[in-house]
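Student:
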Amino acid sequence: MKRGGLIAIVVLAIALIGIGGCVVGNYNNLVGADQAVKGKFAEVENQLQRRNDLIGNLVESVKGVATQEQEVFGAIADARARLGGAQSPQQTIEAGRAMDTALSRLLVVVENYPQLRSNEQFAQLMDELAGTENRLATSRMRYNEEVQKFNVLVKRFPTNLFAGMFNFKDATYYEVPEEAKALPKVDFGGLRQPK
């Protein structure tokens, strides 16, 4: 074999190894980022399930006092069932939003029954729910941070070429529903000003 042909084969082999390494490296980066997103979403699901369980206990506490609020209890039961049956991140997000709405309606019911707030078990459940809501908010934030990193990676050149080749698509952010963005109405009419 001539020396020029041998050099061409070596150069071609080095180029193929370099391209292969680039493909493997980018693919592994995409897989790692995708798994990080899935891991953070699992944290969100874990907190949603914890909240789901707590809300079930809260509903049972409220049912004894507020028997005429069946519509609210039905909405909560529906949201809990949707969360339990969610098959995709999008369905889980939608079920979580439905639970947010149902929970806000339950809290309105609780305001109408002051005797509930004096119940020790109910107060403990509300404290646990508040802690769970904080953990859920933190989990959502961390999930969205991972989604942002993943989506940037999927769009950045040259990784975007490999993302398309291996069918990696943008991940979905966990967005706050429009009704939750509205400022709550606060009435200080019952408070007395110090003299």
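Using full-length UniProt numbering, the letters of the sequence shown correspond one by one to residues 1 to 195.
Backbone N, C-alpha and C define an ideal beta-carbon position, used for all residues, glycine too.
By DSSP, does N151 sit in helix, in strand, or in coil?
Tutor: helix
Student: Mapping the DSSP letters down to three states, classify T138 as helix, strand or coil.
Tutor: helix
Student: Nearest to N160 by CA position, among E71, N26 and N119, is which residue?
Tutor: N26
Student: For G5, collect the residues of the same chain with a Cβ closer than 6 Å to its Cβ; drop the 5 residues on either side in sequence, then sort them by chain order.
Tutor: none
Student: Run the CB neighbour count on Q90, radius 10 Å, all protein chains shown included, and call it buried at 16 or more, exposed below.
Tutor: exposed
Student: Classify N52 as buried or exposed, calling it buried when 16 or more other Cβ atoms lie within 10 Å of its own Cβ.
Tutor: Within 10 angstroms of the beta-carbon of N52 lie 16 or more other beta-carbons, which makes it buried.
Student: So residue 196 is in the alpha helix (DSSP H); what residue range does that whole segment cover?
Tutor: Residue 196 lies beyond the stretch modelled for the chain, which goes from 1 to 195, so this question has no answer here.
Student: Quick one: Cα of I76 to Cα of T132, how far?
Tutor: 17 Å
Student: Does the segment 38–45 come close enough to the segment 137–152 to have 3 or more Cβ pairs within less than 8 Å?
Tutor: These segments touch.
Student: Roughly how many angstroms separate the alpha carbons of I7 and I93, rounded to a whole number?
Tutor: 57 Å
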